[in-house]
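Mapping the sequence shown onto the working numbering, position 26 (from 1) lands on 30, and the numbers just tick up by one.
In this text, a Cβ means the ideal position worked out from N, Cα and C, and glycines have one as well.
Bear in mind the structure is a predicted one, so any value in this text is a computation, not a measurement.
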Amino acid sequence: MDSDTLARIAYLSLLIAAVGGWALVEFRGRLGFALRTALAWAMIFVGVMAGYGIWQDIDQDLRPRATVTEAGEIRVPRAEDGHYYLSLQINGKTIDFLADTGATNLVLTEDDARAIGMNPDTLVYLGEARTANGSVRTAHVTLDEVQLGPYSDLDVSAWVNRSEMDISLLGMDYLGNFRIEIDRKQMVLRR
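This is the structure:
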């Protein structure tokens, strides 16, 4: 163990000793009540953790994942919110995108740019994009490798958005590499 882990264990031990000492003094002579209270808090904690785990499963249902068929088609189910979400490998890191056929470019959030090894603070934001929320500043970048399912592309043009975005956008610059078929339940990408 490193010194940071040992320090955390020591801190946690002191915290447990302090709370435990307080509980012994507070509930002296009422040990049964103290145990019931501790059990109730433990059950609340377990319930919160179970809720968090279930939420992770629900989140997967809200944003179902794309599948690749044997023929090389990428089938993207429509999410409950009506959008299509894809996960791409960029420079070896998984980045989630909203497929946006109304967007021109592949646009990364600053957080996603950081995740793939860029420093958004050092980028030059000379570009400007007009969005539904007004004009935003953008920086042009080139992505070494972008992989979607079995398809890999090198030196892909992209933009990093200076404004707040919830998720990166996969626009027609990249989606145009595919034949796109959309129905009410899914989007199918073929090359």
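Using 7 angstroms as the threshold, is the C-beta distance between Leu110 and Leu174 below it?
Taking 7 angstroms as the cut-off, the Cβ atoms of Leu110 and Leu174 count as close.
Cα separation between Gly51 and Ala42?
Each residue's Cα considered, the two are about 14 angstroms apart.
Could you compute how far the alpha carbon of Gly153 sits from the alpha carbon of Met191?
When rounded, the distance between both Cα atoms is 14 angstroms.
I'd like to know whether the C-beta atoms of Ala133 and Thr142 end up nearer to each other than 7 angstroms.
Yes, the Cβ-Cβ distance between Ala133 and Thr142 is below 7 angstroms.
So what's Arg183 in DSSP terms, helix, strand or just coil?
If DSSP states are grouped into helix, strand and coil, Arg183 belongs with the strands.
Distance, Arg12 Cα to Asp6 Cα
When rounded, the distance between both Cα atoms is 10 angstroms.
With distances taken Cα to Cα, identify the nearest neighbour of Tyr178 among Ile58, Phe37, Ile94.
For Tyr178, the closest of Ile58, Phe37, Ile94 by C-alpha to C-alpha distance is Ile94.
Under 6 angstroms Cβ to Cβ from Ile120, same chain only, skipping five residues before and after it: list those, please.
Non-local C-beta neighbours of Ile120 in its own chain, meaning closer than 6 angstroms and more than five positions away in sequence, comprise Ile94, Asn95, Lys97, ordered along the chain.
CB Tyr88 to CB Ala75, shorter than 7 angstroms?
The answer is no: Cβ separation not under 7 angstroms.
Where do the N-terminal and C-terminal ends of the beta strand (DSSP E) with Ile120 fall, by residue?
Secondary structure note for Ile120: it is in no beta strand (DSSP E), with a DSSP letter that is neither H nor E.
In whole angstroms, give me the CA-to-CA distance for Met169 and Val140.
C-alpha separation (whole angstroms): 11 angstroms.
Within its chain, find whatever has a CB closer than 6 angstroms to the CB of Ala70; leave out the 5 residues flanking it on each side and keep chain order.
Result list for Ala70: Ile78, Val80, Leu90, in chain order.
Beta-carbon contacts of Tyr155 that lie in its chain and below 7 angstroms, excluding the five residues immediately before and after
Answer for Tyr155: Arg195, listed in chain order.
Just to confirm my understanding: we take Glu30, look at its own chain, exclude 5 residues before and 5 after, and list those with CB closer than 6 angstroms. What are they?
Residues of the same chain with their beta carbon placed closer than 6 angstroms to that of Glu30 are lacking, with the five preceding and five following residues left out of the count.
With distances taken Cα to Cα, identify the nearest neighbour of Ser161 among Val150, Glu84, Ser167.
Of the candidates Val150, Glu84, Ser167, the one whose C-alpha sits nearest the C-alpha of Ser161 is Val150.
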